[in-house]
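Q: Residue numbers (the numbering used here), protein chains in the order written: chain G, 0 to 471; chain F, 6 to 252. Glycine included, each C-beta is placed from N, C-alpha and C at the ideal position. Below is one structure. I have some questions about it.
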């Protein structure tokens, strides 16, 4: 992660095309979501159920993971445990290298984006080909995903057409959605038929059966799951659910929340290996990469309830302005603002918990009821506590200002004194039109685009006191 | 009924007219307003910015000031949200049973201004007159934390002469967000820009809300662009009668 959120956002805000693309795409998905959610009278019950199941899993994660391992192994799968990104990549590489695989096809997976799998494979001479249309667009453009569900949402049709023409070496290409899809189809079909290995993420790991579930829209994922003889699934340890029956809840809430569909067009569930059909060798890599540390924090544990639907991104008024790249992580938007800094133990992404106006729209749509604003505030308090342990943080303008304000708010008299002082201090800043148009230091952020009402001559408390005297 | 006013620190300092309007409306409806000058702040700014430790003495001070109050009226939904959503957690974290008890006793006595009128006092017609085109901005806290729904709109619909105009994307944040407006000034400004476009599109002369924090933000952007739309807290509209202006 390089730039802080405010700095990255400043750059992206200049990109009018990107902002139009993001606003348009999120509006379309958001409205579709609202329509299919409204038709469910039991939506709040479904949210409650989803939340309760996920919370229960997190409180019993150790036993459900072991149960999954046992069931998956019994069905012919091999389960690996990866402490971090490097270990997960090493395991995947070792499996592919020992089978002399040079080319691997991939199902859309944010987890493999998180661990930088493609680059790790590339470095060892193994090419990874994204088969999800949006991921393919991102890959061909040497870009990074800007949305959990719709990774290329920041690109419009024209931009994608130009990219395909260039990267696929085509002479001509129409600009309808059908033309673009047909081009991707032709390009991918060759890879499906030749690839000897596939890598997937997982939407759910089913502890009871050892099964893995993937939902998708295009069917390319199912090609990856059925054609190559070797399949590797990489999944965060939090993805486990207790039983097959629990899918009842999530296969209703996930598609409605993610793409505004009642049901995903393709729902694939596979359990180990089966005879001569489908992959003959199946591995699951269970990834920690900071998750068990999040699990240990009872306040922010709920972050791990996330089922990656992206609904919070589509309603977020901050994400709407910047798109996902401002978050400096594969996880953008509200969920990214809480997940990314925690995955990095607050050593990266410390500006992200502040990238929210705490409007609460994310919490309102979350199908597993993650109280994102509450977690944001919790993370802010951890960041402040850390800063207060450094001289620079202690003497920084925010800490000094907040300490001063806390002293002022200790009594009514102090507040009255502060109001008088403020009235005197503001005099030099008063503009010609009766408002303050320019302020120094921290407050210049306000006046860069907004005038400020000056403090009026009489505060409410002063008026109240005067009124009391006049009446008596 | 005796109603204790918590004016909110920023209203006290920057928006005294809102406080006066609240007093005027409540007195006109036959109630007695009480204002304890020991009051300061609800602690929201500290809490939401991550200074949760510093917020605790402010919260305790609030509890102290309103210990005896029967009903507390707050013309700021974000302060009410702070109290309802975060005071219980602050008390729980302190491990102090008495603190928790005081919070528990406080919560049912706290009302946002429009909520007090409609849900508690059962008043939907405050007897106001305001012959202007008005649009209502639903602040995030009033909408999602307090669940005010159409309560402010019901009050506005009963104001004589008032033409209520719909606001596009009424559930979208104006970009204020307290210290967010400064820490992420660029994004906040971009959000404000969109909100101002919606306000202009509504055709209203006045934009109202139950939170002056949003209105401070909207006013700032409108005034910077020298746009003729005014901002006024809901209480200031309800304070106006056919006999004359609010104050």
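Any idea what DSSP makes of residue 77 (chain G), helix, strand or coil?
A: strand
Q: With a cut-off of 8 Å, does the C-beta of residue 192 (chain F) fall near any C-beta of chain G?
A: yes
Q: Starting from residue 237 (chain F), follow the beta strand (DSSP E) in both directions and report where the run begins and ends.
A: 235-238
Q: With DSSP run on the structure shown, which of helix, strand or coil describes residue 477 (chain G)?
A: It is not possible to answer for residue 477 (chain G), since the shown part of chain G is limited to 0 through 471.
Q: Taking only the alpha-carbon atoms, compute the straight-line gap between residue 39 (chain G) and residue 303 (chain G) and give it to the nearest angstrom.
A: Cα to Cα, residue 39 (chain G) sits roughly 25 Å from residue 303 (chain G).
Q: Whole angstroms are fine: how far does the CA of residue 4 (chain G) sit from the CA of residue 341 (chain G)?
A: When rounded, the distance between both Cα atoms is 16 Å.
Q: Do residue 183 (chain F) and residue 53 (chain F) have their C-beta atoms closer together than 8 Å?
A: Their beta carbons are under 8 Å apart, which means residue 183 (chain F) touches residue 53 (chain F) by this criterion.
Q: Alpha carbon to alpha carbon, how far is residue 252 (chain F) from residue 18 (chain F)?
A: Low local confidence applies: a pLDDT of 45 at residue 252 (chain F) is under 50, so the model's placement there is unreliable, and no value is given.
Q: Which whole-angstrom value is the C-beta distance of residue 246 (chain F) and residue 134 (chain F), which I expect to be below 8 Å?
A: 5 Å
Q: I want to verify the contact list: residues of chain G whose CB lies under 9 Å from the CB of residue 177 (chain F), in sequence order.
A: 314, 316, 319, 358 and 360
Q: What do you get for residue 440 (chain G), buried or exposed, if any count of 16 or more other CB atoms within 10 angstroms of its CB means buried?
A: Flag for residue 440 (chain G) reads exposed.
Q: Under the assumption that residue 357 (chain G) contacts residue 372 (chain G) (Cβ atoms under 8 Å), give the Cβ distance between them as a whole number of angstroms.
A: In this structure residue 357 (chain G) touches residue 372 (chain G) by the C-beta definition: roughly 5 Å separates them, less than 8 Å.
Q: Beta-carbon of residue 376 (chain G) versus every beta-carbon of chain F: anything under 8 Å?
A: Yes, contact with chain F.
Q: Within 8 Å (strictly less), CB to CB, does residue 195 (chain F) reach chain G?
A: yes
Q: Rounded to a whole number of angstroms, what is the C-alpha to C-alpha distance between residue 55 (chain F) and residue 367 (chain G)?
A: 25 Å
Q: Could you say which of F:8, F:89 and F:221 lies nearest to residue 237 (chain F) if we only look at CA atoms?
A: When each option's Cα is compared against that of residue 237 (chain F), the closest is F:221.
Q: Could you work out which residue in F:86, F:96 and F:223 is closest to residue 141 (chain F) when comparing CA atoms only?
A: Selected option, being the one with the closest Cα: F:223.
Q: Does residue 104 (chain G) come within less than 8 Å of chain F when only Cβ atoms are used?
A: So no, residue 104 (chain G) is outside the interface.
Q: Report yes if the C-beta distance between residue 478 (chain G) and residue 289 (chain G) is below 8 Å; otherwise report no.
A: Past the edges of chain G, shown from 0 to 471, lies residue 478 (chain G), and the structure says nothing about it.
Q: Pairs of beta-carbons, one from the stretch 299-314 of chain G and one from the stretch 141-148 of chain G, closer than 8 Å: are there three or more?
A: yes
Q: Among all the DSSP beta bridges, which residues are the ones paired with residue 308 (chain G)?
A: Bridge partners of residue 308 (chain G): none, in fact.
Q: Would you kindly report the start and end of the unbroken alpha helix (DSSP H) that includes residue 117 (chain F)?
A: Segment 115-117 is the beta strand (DSSP E) holding residue 117 (chain F); no alpha helix (DSSP H) there.
Q: To the nearest angstrom, how far is the alpha carbon of residue 155 (chain G) from that of residue 116 (chain G)?
A: 27 Å
Q: Going residue by residue through the stretch 59-134 of chain F, where are the continuous alpha helix (DSSP H) segments of at least 4 residues, counting only ones entirely within it?
A: With a minimum length of 4 residues, the unbroken runs of alpha helix (DSSP H) contained wholly in the stretch 59-134 of chain F fall at 82-86, 92-99 and 102-111.
Q: Let's test the definition: count the other Cβ atoms within 10 Å of the Cβ of residue 222 (chain G) and tell me whether it reaches 16, buried, or not, exposed.
A: It counts as buried.
Q: Check the C-beta distance from residue 374 (chain G) over to residue 301 (chain G) and give it rounded, since I have them as a contact under 8 Å.
A: 7 Å
Q: Any C-beta of chain G sitting closer than 8 Å to the C-beta of residue 26 (chain F)?
A: no
Q: On the criterion of 16 or more Cβ atoms from any shown chain inside 10 Å, does residue 316 (chain G) qualify as buried, or is it exposed?
A: buried
Q: Which residues of chain G have a Cβ atom closer than 8 Å to the Cβ of residue 14 (chain F), listed in chain order?
A: 408 and 414
Q: I believe residue 28 (chain G) touches residue 392 (chain G) by the beta-carbon criterion, under 8 Å. Please report the beta-carbon distance rounded to the nearest angstrom.
A: Not confirmed; about 39 Å, so no contact.
Q: Could you tell me the distance, in whole angstroms, from the CA atom of residue 416 (chain G) to the CA atom of residue 464 (chain G)?
A: 15 Å
Q: Measuring alpha carbon to alpha carbon, tell me which of F:58, F:42 and F:28 ends up nearest residue 78 (chain F).
A: Minimum Cα-Cα distance from residue 78 (chain F) among the listed residues F:58, F:42 and F:28 corresponds to F:28.
Q: By the criterion of Cβ-Cβ separation under 8 Å, what are the contact partners of residue 187 (chain F) in chain G?
A: 441, 442, 444 and 445
Q: For residue 45 (chain F) and chain G, any beta-carbon pair shorter than 8 Å?
A: yes
Q: Please tell me whether residue 401 (chain G) has its Cβ less than 8 Å away from any Cβ of chain F.
A: yes
Q: So with Cβ pairs under 8 Å, would you call residue 140 (chain G) a contact of chain F?
A: no
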